[in-house]
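I have placed the structure first, in the form of structure tokens, so that the comments after it can refer back to it.
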Amino acid sequence: MTPSEGAPAYETTDIALVLNPPLTPGDASDQAEMELVANLGSALPDTEARRGWLFVTEAQIRRQSEHAVLLYSRA
Numbered sequence: 032m033t034p035s036e037g038a039p040a041y042e043t044t045d046i047a048l049v050l051n052p053p054l055t056p057g058d059a060s061d062q063a064e065m066e067l068v069a070n071l072g073s074a075l076p077d078t079e080a081r082r083g084w085l086f087v088t089e090a091q092i093r094r095q096s097e098h099a100v101l102l103y104s105r106a
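Just so you know, this note's numbering puts 101 at position 70 of the sequence shown, and the rest follows in order with no gaps.
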């Protein structure tokens with residue numbers, strides 16, 4: 032990542048999640064997303080590395096195939 036405000040670049044590992052059905056904008060979904068991210072974060076070992084969570088579609092992953100790999104899909 033290269034911050035636009037001039038801070039030094041840094042590496043990050045982001046995990047993209049495809050939810051089916053996707054969350055819809057609104058207070059309940061916002062709360063569900065925050066809880067999901069908190070639970071996922073607490074399930075991973077604590078490291079010094081930066082990591083983040085992205086909510087995307089399968090189409091977005093396919094379009095970014097040079098950067099992303101679809102690991103699991105359940106129809």
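Virtual Cβ for every residue (Gly too), placed ideally from N, Cα, C.
Where the beta strand (DSSP E) containing residue i begins and where it ends
i, result
"residue 47", "43-48"
"residue 85", "81-86"
Environment of residue i [buried if 16+ CB atoms lie within 10 Å]
i, result
"residue 63", "exposed"
"residue 90", "exposed"
"residue 47", "buried"
Same chain, Cβ closer than 6 Å to residue i, neighbours up to 5 away in sequence not counted
i, result
"residue 32", "41, 43"
Neighbourhood of residue i by C-beta, 8 Å cutoff - its chain only, sequence neighbours within 5 removed
i, result
"residue 88", "49, 53"
Element boundaries [alpha helix (DSSP H), containing residue i]
i, result
"residue 72", "58-74"
"residue 90", "89-94"
Sequence-distant residues of its chain with Cβ nearer than 7 Å to residue i (five each side left out)
i, result
"residue 83", "43, 45"
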